[in-house]
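Undergrad: The sequence shown runs contiguously to residue 433 in UniProt numbering.
Every residue gets a Cβ at the ideal spot worked out from N, C-alpha and C, and that includes glycine.
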Amino acid sequence: MDRVYDFADELLDFVENSPSQYHVVKTLEDRFRARGFQKLELSSNWEFKSGDRCYLSVGESMSVGFIVGSGELEECGFRVVASHTDSPGIVVKPDPEISSDGYLKLNCELYGGPIMNTWLDRPLGLAGRVVLKGDSPMSPKTELIDFKKPVALIPNLAIHQNRKVNEGLKLSGQKDMLPFLKTVEKNFEKESYLINQLASELGVDSGEILDFELCFYEHGRGCIFGINREFISCGKLDNLAMAHSSAEAILDSETSFATSVFVSFNHEEIGSTTAEGAGSPALQNILERIALGLGKQREEYLRALENSFMLSCDMVHAVHPNNTEKQDPTNRPVINGGPAVKTSARKSYTSDAETYSVYKSICDSIGVNVQRYVNHSDERGGSTIGPISSTQLAIKSVDIGNPLLAMHSIRETAGVKDHYDIYRSFVEFYKAR
Numbered sequence: 001m002d003r004v005y006d007f008a009d010e011l012l013d014f015v016e017n018s019p020s021q022y023h024v025v026k027t028l029e030d031r032f033r034a035r036g037f038q039k040l041e042l043s044s045n046w047e048f049k050s051g052d053r054c055y056l057s058v059g060e061s062m063s064v065g066f067i068v069g070s071g072e073l074e075e076c077g078f079r080v081v082a083s084h085t086d087s088p089g090i091v092v093k094p095d096p097e098i099s100s101d102g103y104l105k106l107n108c109e110l111y112g113g114p115i116m117n118t119w120l121d122r123p124l125g126l127a128g129r130v131v132l133k134g135d136s137p138m139s140p141k142t143e144l145i146d147f148k149k150p151v152a153l154i155p156n157l158a159i160h161q162n163r164k165v166n167e168g169l170k171l172s173g174q175k176d177m178l179p180f181l182k183t184v185e186k187n188f189e190k191e192s193y194l195i196n197q198l199a200s201e202l203g204v205d206s207g208e209i210l211d212f213e214l215c216f217y218e219h220g221r222g223c224i225f226g227i228n229r230e231f232i233s234c235g236k237l238d239n240l241a242m243a244h245s246s247a248e249a250i251l252d253s254e255t256s257f258a259t260s261v262f263v264s265f266n267h268e269e270i271g272s273t274t275a276e277g278a279g280s281p282a283l284q285n286i287l288e289r290i291a292l293g294l295g296k297q298r299e300e301y302l303r304a305l306e307n308s309f310m311l312s313c314d315m316v317h318a319v320h321p322n323n324t325e326k327q328d329p330t331n332r333p334v335i336n337g338g339p340a341v342k343t344s345a346r347k348s349y350t351s352d353a354e355t356y357s358v359y360k361s362i363c364d365s366i367g368v369n370v371q372r373y374v375n376h377s378d379e380r381g382g383s384t385i386g387p388i389s390s391t392q393l394a395i396k397s398v399d400i401g402n403p404l405l406a407m408h409s410i411r412e413t414a415g416v417k418d419h420y421d422i423y424r425s426f427v428e429f430y431k432a433r
């Protein structure tokens with residue numbers, strides 16, 4: 001059990017080091033580099049041989065790593081484990097400073113579908129990327145930034161001023177979800193305040209800053225809790241738990257017959273229709289370039305796709321202890337009951353009888369239990385990267401994930417055992433023939 005708890009602790013470290021999707025990719029790059037993977041550039045020529053271990057990023061927010069297989073690509077194909085780097089939250093708008101009644105606030109908008117009330121009264125950090133002037137207008141520079149301290153907070157309204165708060169809280173994203181940074185005097189000059197803070201933090205002149213993409217996050221490390229230490233409480237488990245476990249799986253994998261691929265897309269929470277999202281041809285292009293780098297023709301690449309398989313990995317809803325009626329009557333995944341396969345007649349998930357059977361057989365071979373998840377017929381659920389990616393890449397796919405409570409809360413709850421078990425299933429999947 002020591003390794004199980006250690007692995008959960010590693011997840012907490014991973015999330016703490018990854019306050020934005022740009023930091024997620026940086027954290028993953030550091031892991032790949034430390035384990036001997038070679039960095040590729042999309043603009044460079046690629047040539048490969050069996051056993052090559054490589055990684056790259058797309059748009060600084062999508063991460064890919066792969067191990068070239070020992071078999072003929074057209075016969076063995078690709079084994080892909082896919083996740084996403086982004087999580088619901090609050091992002092800063094341009095020209096965000098609002099000075100009002102002695103406070104400096106930042107104008108923000110919601111990203112994805114966060115549970116807004118969970119963001120109230122929490123010390124918030126601020127992180128993201130800042131774009132600086134480069135050598136030419138077409139080549140700006142990018143710097144990651146994380147203030148690494150609580151810099152803001154969104155306060156609740158006192159019950160004395162909102163007597164019906166416990167009857168249900170309705171929040172406005174524009175009015176109620178603006179973090180405040182500091183108190184100010186009436187003559188406070190708010191223009192460029194944030195730019196100046198970013199410049200100071202980065203050690204550059206404020207005139208060098210062209211733009212920024214910043215998000216707030218809960219400041220503070222997650223924890224393992226429960227009378228028997230069964231549970232993980234942490235932000236961004238949807239979907240950094242899947243990104244972490246699948247990245248560690250490929251890092252711990254040896255060269256197999258098939259080419260093993262890790263991918264973590266961006267922008268799943270807002271539809272995936274970006275250059276770094278699952279709805280783009282980015283992964284398709286990378287897989288084809290791997291084939292070309294092995295000296296294969298396009299027909300051989302297309303044959304390889306027919307022998308390929310993808311695990312689309314995103315968290316699933318666990319049965320809620322106080323709202324059990326919200327779950328499907330017969331498909332009721334519980335935390336630490338094992339990874340769950342998602343199925344939908346609407347095909348909001350890619351799983352079918354064949355692909356479910358493949359994943360279950362892999363898990364059965366290593367003693368990992370598999371659960372089933374289907375949306376309650378009166379509660380329409382969300383989609384994920386599986387069906388979106390399938391519009392670009394026609395390979396067999398199954399949608400899976402670990403059970404989670406309070407999905408899209410600033411703090412979510414998952415299982416210690418589940419996190420290690422799904423990692424084990426990924427390692428076995430990469431070896432499967």
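#1: Sorted by chain position, which residues of the same chain lie with C-beta nearer than 7 Å to Ile-195's C-beta, five sequence neighbours on each side aside?
#2: Among the residues of its own chain, which have a CB less than 7 Å from the CB of Ile-395, if the five just before and after it don't count?
#3: So Asn-239 is in the alpha helix (DSSP H); what residue range does that whole segment cover?
#4: Work out the CA separation of Val-398 and Asp-352 for me, nearest whole Å.
#5: If you compare alpha carbons, which of Glu-16, Phe-48, Ser-361, Asp-30 is closest to Gly-295?
#6: Terminal residues of the continuous beta strand (DSSP E) containing Phe-7?
#7: Taking the beta strand (DSSP E) that Thr-273 belongs to, which residues open and close that run?
#8: Contact check, Glu-16 vs Arg-221 under 8 Å by CB: the rounded distance?
#9: Alpha carbon to alpha carbon, how far is Ile-400 from Asp-86?
#10: Would you call the CB atoms of Ile-366 and Glu-428 closer than 8 Å?
#11: For the beta strand (DSSP E) that Glu-412 lies in, which residues bound it at each end?
#12: Which residue from Leu-169, Ala-278, Thr-355, Thr-259 puts its Cα closest to that of His-267?
#13: Taking the continuous alpha helix (DSSP H) assigned at Gln-197, which residues delimit it?
#14: Would Glu-213 count as contacting chain C if we go by Cβ distances under 8 Å?
#15: Whose C-beta lies closer than 8 Å to the C-beta of Leu-153 among residues of the same chain, with five residues either side of it excluded?
#16: Return the CA-CA distance between Phe-212 and Val-370, expressed in angstroms with no decimal places.
#17: State the DSSP-derived secondary structure class of His-267, mapped to helix, strand or coil.
#18: Consult DSSP for Val-24 and reduce its assignment to one of helix, strand or coil.
#19: Would you call the region 228-240 and the region 34-41 touching, i.e. three or more CB-CB distances under 8 Å?
#20: Let me know the secondary structure DSSP gives Glu-354 once reduced to three states.
#21: Is the Cβ-Cβ distance between Met-315 and Asn-239 less than 8 Å?
#22: So does the region 110-118 actually touch the region 336-346, counting three or more Cβ pairs closer than 8 Å?
#23: So within the region 380-412, which uninterrupted beta strand (DSSP E) runs reach at least 3 residues, ignoring any that extend past its ends?
#24: Starting from Ala-304, follow the alpha helix (DSSP H) in both directions and report where the run begins and ends.
#25: Consult DSSP for Gly-293 and reduce its assignment to one of helix, strand or coil.
#26: Does DSSP put Met-62 in a helix, a strand or coil?
#27: Helix, strand or coil for Tyr-430, going by three-state DSSP, please let me know.
#28: When the Cα atoms are used, what is the spatial distance from Val-334 to Asn-402?
#29: Can you check whether the CB of Leu-104 is closer than 8 Å to the CB of residue 479?
#30: Let me make sure I understand the geometry here. Which of Lys-93, Arg-53, Ser-61 has the alpha-carbon closest to that of Thr-27?
#31: Give every residue of the same chain whose Cβ lies closer than 6 Å to the Cβ of Arg-289, excluding the five residues on either side of it in the sequence, and list them in chain order.
#32: Would a C-beta distance cut-off of 8 Å place Ala-282 and Val-80 closer than the cut-off?
#33: Which class does Arg-33 belong to by DSSP, given the choice of helix, strand or coil?
TA: Reading it off the structure:
#1: Here residue 195 refers to the residue found at position 195 of the sequence shown. Same-chain partners within the cutoff: Ser-206, Ile-209.
#2: Here residue 395 refers to the residue found at position 395 of the sequence shown. For Ile-395, where only same-chain residues beyond five positions count, the Cβ hits under 7 Å are Leu-305, Ser-308, Phe-309, Met-310.
#3: Working through the sequence shown from its first residue, we reach residue 239 at position 239. Note, Asn-239: alpha helix (DSSP H), 237-251.
#4: Stepping through the sequence shown from its first residue, residue 352 is reached at position 352. Stepping through the sequence shown from its first residue, residue 398 is reached at position 398. Cα to Cα, Asp-352 sits roughly 7 Å from Val-398.
#5: Looking up residue 295 in the sequence shown gives position 295. Residue Phe-48 is the option with its Cα nearest to Gly-295.
#6: Here residue 7 refers to the residue found at position 7 of the sequence shown. Here Phe-7 belongs to no beta strand (DSSP E); instead the alpha helix (DSSP H) covers 2-16.
#7: Within the sequence shown, residue 273 is the residue found at index 273, counting from 1. Careful: Thr-273 lies outside any beta strand (DSSP E) and carries neither H nor E.
#8: What you label residue 16 is simply residue 16 of the sequence shown in a count that begins at 1. What you label residue 221 is simply residue 221 of the sequence shown in a count that begins at 1. Their Cβ separation, rounded to whole angstroms, is 5 Å, which keeps Glu-16 and Arg-221 in contact under 8 Å.
#9: Locating residue 400 in the sequence shown gives position 400, counting from the first residue. Locating residue 86 in the sequence shown gives position 86, counting from the first residue. Whole-angstrom Cα-Cα distance: 18 Å.
#10: The residue you call residue 366 lines up with position 366 of the sequence shown. The residue you call residue 428 lines up with position 428 of the sequence shown. Their beta carbons are under 8 Å apart, which means Ile-366 touches Glu-428 by this criterion.
#11: The residue given as residue 412 occupies position 412 in the sequence shown. Glu-412 -> beta strand (DSSP E) spans 412-415.
#12: The residue you call residue 267 lines up with position 267 of the sequence shown. If we check each option's Cα against that of His-267, Ala-278 comes out closest.
#13: Position 197 of the sequence shown holds residue 197. Start and end: 193-202.
#14: In the displayed structure, chain C is absent; only one protein chain is listed.
#15: Along the sequence shown, one-based indexing puts residue 153 at 153. So the list reads Asp-121, Arg-122, Pro-123, Leu-124, Pro-179, Phe-180, once near-sequence residues are dropped.
#16: If you number the sequence shown from 1, residue 212 lands on position 212. If you number the sequence shown from 1, residue 370 lands on position 370. One C-alpha to the other measures close to 43 Å.
#17: The count along the sequence shown starts at 1 and reaches residue 267 at position 267. If DSSP states are grouped into helix, strand and coil, His-267 belongs with coil.
#18: Here residue 24 refers to the residue found at position 24 of the sequence shown. It is helical.
#19: no
#20: On the sequence shown, position 354 is the one that residue 354 refers to. DSSP places Glu-354 in helix when its eight states are reduced to three.
#21: To locate residue 315, count along the sequence shown from 1; it is residue 315. To locate residue 239, count along the sequence shown from 1; it is residue 239. Yes, these two residues count as a Cβ contact at 8 Å.
#22: no
#23: 396-401
#24: Indexing the sequence shown from 1 puts residue 304 at position 304. Note, Ala-304: alpha helix (DSSP H), 298-306.
#25: Looking up residue 293 in the sequence shown gives position 293. The answer is helix: DSSP assigns Gly-293 an H, G or I state.
#26: On the sequence shown, position 62 is the one that residue 62 refers to. The answer is strand: DSSP assigns Met-62 an E or B state.
#27: Position 430 of the sequence shown, counted from the first residue, corresponds to residue 430. Reduced to three states, the DSSP call for Tyr-430 is helix.
#28: Indexing the sequence shown from 1 puts residue 334 at position 334. Indexing the sequence shown from 1 puts residue 402 at position 402. Each residue's Cα considered, the two are about 9 Å apart.
#29: The question about residue 479 has no answer here: the residues shown for the chain are numbered 1 through 433.
#30: Working through the sequence shown from its first residue, we reach residue 27 at position 27. Checking every option, the nearest Cα to that of Thr-27 belongs to Ser-61.
#31: Within the sequence shown, numbered from 1, the residue matching residue 289 stands at position 289. Hits under 6 Å: Trp-46.
#32: On the sequence shown, residue 282 is found 282 positions in, with the first residue counted as 1. On the sequence shown, residue 80 is found 80 positions in, with the first residue counted as 1. No. Outside cutoff.
#33: Sequence index remark: in the sequence shown, residue 33 carries index 33 (1-based). Looking at Arg-33 - three-state DSSP - the assignment turns out to be helix.
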